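Residues -18 to -1, 1 to 732 (mature numbering (1 follows the signal peptide of the UniProt record, and there is no 0)) are what the sequence shown spells out, left to right.
To keep things clear, I will list the structure first and then write my remarks on it.
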Amino acid sequence: MNYIFFFLVSFFSAFSFSGEFKSSADSRSNVDLYIPSKPNSSGVSNNDVSSYSVSSSNIKVLNYASNNGGRKASRIIINVSSSSLKRKISLVGESAELIILAKNFSCTGCKFEGFDRVIIAGGINGSDLTASENISINSLDASGVPVVTLLGEKVTLAGNINTHDKVERAYNGQYVVLNNGSQKAGVGTFAAYAGRVTLNIDSLSPTTSRVSNDLGYELTTNNNLKITANAVKLISNTGSGLKINGVIDTTSDVFMTGSLGNKIQLASEGLVASNLCTSLFCYIQYTGQVNTGGSVISSGYSLSLDAKSTISADKVQMTSRHFTNMGGIFTDNFGASTVSHFSNEGQIHTRFGRIESNNYIQNSGSIFGKDLHFYGKNRFRNGNAMPKVIGHRMDELFLEDLFYGTYTRVLERDSGQINNPAIVHASNLYISTKGFENINSYYVSRGANDSTWTEKIPLDLEKSNQVVVAAEHNLHINAEDYFLNSSANVLLNSYSSSGTLYIESKKVINERYRMESDFSVQERVVNNTREKHVLPNFLHYSSPGQIRSIGKFKVKSSEFFLNDSSFVEVFGEMEVNTPKLYNYGLQVTKELVMSEGLEQFEQYARCTSIDDYIWVNGRRVPAQDYCSGILEEADTTVVSVDVKEIDTLFYAGMGVLSTSDFEADNRHLSQNIQNYILQRYKKDIAKVAPEVPTHSECSGGLLDPTLDLSTGNVRIIHSYFCAAPATNEGIERFVEEWNADYIELAEKYK
């Protein structure tokens, strides 16, 4: 037998002794046998070697009391300046843990067998482990080892890393470990700590974690990485980002227990990933697949999942300053808490979900669940505020645009990724935020010489309905400042009497994203009377906003409820509690119950109703009194809009705008100018009322502006001349001046 003698060093005062580390070679099995030095009274065997390299022979560590003066080692420490392992190290005899202290450590296809724990670190200070400079792992097998822990300033992981055992069920019902077993037994925790982290040697819990923003420290995982363990911990407190590549799989067919110091060990299944530093570079990015029957707990300054990554787990909990998901999260229980923002561009499927943000919540992907709760102190946005994604402008609000459509030209770009569908769907959905936005930025545009819109508007049905906030039983939205539904869908699909769509906010707005047109002025003769007509030619058009409730619909607004050129369909009870209701194109399919405090109810356009009566200020009055036009079913299709329905679908509303505050806006010429003309016409006609002929003196009289579809095109007939010769100088003067001003305005902004 060959003996290797070396001096032992004192790591800390409790372990100061001398001894020998014996080695012998067994040529028949290509195995080196090592006898650790005599342990101290605490069972610690300290072994110091100048270098430690295993490349050709496997090693068996013999831990028998008979070999060590009647003492067996419970902890075997090998202190080495550098170490390179390529073969197997196994423990024979009494159980013990293995701690390798090396400034630099590399493992290529190495294997550990029979140990209670395997720890690789840089050194020992008192009862604490200090980090190694570099740890590089390229495939490591620790089947059946309860704990494998790496502690390094720089840690690189690649290849297959495994702590699971292969087992087979015996005839007596027990499981036995077999190299070719058909089932996986979940055993062990694999943990990797990167940076300036100090761990307690017994508990392996951090005692100090000096956060460093130095970009020189990192934990790197390669694309070919596959970690198979009952539990995985990836912890970094460095200034570099942590990318979790490859595959992390903690699933198994059965759980097996291990022992440490005569105590049963059973790791909680799941993944813990954390980056503790505070710089902008301290991100955690999931770029691979995580599959676990347990939980995934992740925290860091910034967390993200890329488009190819997936997390499948029983529970997922994310805590960070920023969270962005472009991949897939599939879990029974999902929770996220962010300081700045929560952004989902991928898929989140869960049974129970709770998402909180001190700033804003953005969804431009899909979120499905049974019970979903969203809490945002700033804004909740489903969909996108711009037609093409050019970068997030999530902190921008749209309060100044609520009456005029959400579209803003400043955000438009010639190129970029077209927005994807945005869907939030649950059985019970609760949203509490400062501002609620549900925005579908899809619209169609017509070229200057395009005549295809004379018959229909070519809207894509799927894209028109691609932004949805929906619930099956209950949908409650509480928005402190405003509720905005722009060309999108807010739906309650419940048929039960208990189902309720409830909206509470200062301002409640249901509108279109973009309607824009230019104008032409034409002179025509109708019934022997000359008329000048302003004809709007639509250039851009969005589908209507839709709020639909199969069950109850309740709205509580402290300022106003605006339904602008969009639809509200209610098949249950409808209750609106607001001081002002501006309604353009409201579909009421049941009796509308208005609050006693209603101060103003304006409805200029045709509306539809199954019932002939609605409730206003506690009185049941004919709906005809509040609907200009015949009550009838309206065609709400957004695939092909016939010109005969154009007054309902396009000009169902013209906005509510004070003429004294009017400022023409090229983004919304049609809406603003029409409203201005209506308001001004009504105001000016009142000034010359004494000079206006009575109805009996004129054939048809002088009527309010209305919509004429007889030509097959949309036009505003802003005034009717009397069919009889106009002899009244007041009427003639009024018409000439009014027309001149109007034509000048239309020409200016066409």
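Using N, Cα and C, we set each Cβ at its ideal position, and we do this for glycine too.
Computed from a prediction, not measured in an experiment: that's the story for all the values here.
- In this structure, DSSP gives E251 a state outside helix and strand, which the three-state scheme calls coil.
- Residue environment for L443: exposed (fewer than 16 other C-beta atoms within 10 angstroms of its C-beta).
- According to the DSSP secondary-structure assignment, F350 is paired through a beta bridge with H331 and H407.
- Under the three-state reduction of DSSP, L67 is assigned to strand.
- By the C-beta density criterion, E115 is exposed, having fewer than 16 other C-beta atoms within 10 angstroms.
- With contacts defined by Cβ atoms closer than 9 Å, S65 and I81 do not form a contacting pair.
- In the three-state reduction of the DSSP assignment, L443 falls in the helix class.
- With 16 or more other Cβ atoms inside 10 Å of its own Cβ, D231 counts as buried.
- Across the set I485, G554 and D314, the C-alpha of I485 shows the shortest separation from the C-alpha of K538.
- 9 Å or more divides the Cβ of S414 from the Cβ of E454.
- Burial state of D147 is buried, judged by a 10 Å Cβ sphere holding 16 or more other Cβ atoms.
- According to the DSSP assignment, Y495 belongs to no beta strand (DSSP E), since it is labelled neither H nor E.
- Under the three-state reduction of DSSP, S77 is assigned to coil, being neither helix nor strand.
- In the structure shown, the three-state DSSP call for S88 is strand.
- Check the Cα spacing between A213 and each of V179, V229 and F172: the tightest is with F172.
- Nearest to K489 by C-alpha distance, out of N559, L483 and N219, is N559.
- Where A174 is concerned, the enclosing beta strand (DSSP E) starts and stops at T171 to A176.
- Check the Cα spacing between E541 and each of K534, H522 and Y564: the tightest is with Y564.
- Taken atom to atom, the span from the alpha-carbon of F305 to that of T203 is near 20 Å.
- Leaving aside the five residues that flank N86 on each side, the residues in its chain whose CB is nearer than 6 Å to its CB run, in chain order, S64, E115 and N116.
- Judged by DSSP in its simplified three-state form, A47 adopts helix.
- Scanning its chain for C-beta atoms nearer than 6 Å, with the 5 sequence neighbours on each side dropped, one finds around N257 the residues S218, L224, C264, I266 and G282, in chain order.
- In the same chain as S291, and ignoring 5 residues on each side of it, the C-beta atoms closer than 7 Å to its own belong to Y268, T269, G270, Q271 and G309, in chain order.
- Residue range T292 to N307 is occupied by the beta strand (DSSP E) that includes K297.
- If you ignore the 5 residues before and after H331, its C-beta comes within less than 6 Å of the C-beta of F312 and F350, all in its own chain and listed in chain order.
- Between E200 and A174, the alpha-carbon positions lie close to 11 Å from each other.
- Residues G75 of the same chain have their beta carbon placed closer than 6 Å to that of Y46, with the five preceding and five following residues left out of the count.
- Sequence-distant Cβ neighbours of L411 in its own chain, meaning closer than 6 Å and more than five residues away, are L354, A453 and L457.
- In the three-state reduction of the DSSP assignment, M556 falls in the strand class, which pools E and B.
- By the CB criterion at 9 Å, K352 and S339 fall outside the cutoff.
- Rounded to whole angstroms, the separation of the alpha carbons of T301 and G417 is 23 Å.
- Secondary structure note for I459: its beta strand (DSSP E) is the uninterrupted segment V449 to S468.
- Under the criterion of beta carbons closer than 8 Å, A113 and R178 qualify as touching, at roughly 6 Å.
- Taking a 10 Å sphere around the C-beta of S487, we find 16 or more other C-beta atoms and assign the residue as buried.
- If you draw a straight line from the Cα of V169 to the Cα of K20, it is about 30 Å long.
- With fewer than 16 other Cβ atoms from the protein chains shown falling within 10 Å of its own Cβ, D184 counts as exposed.
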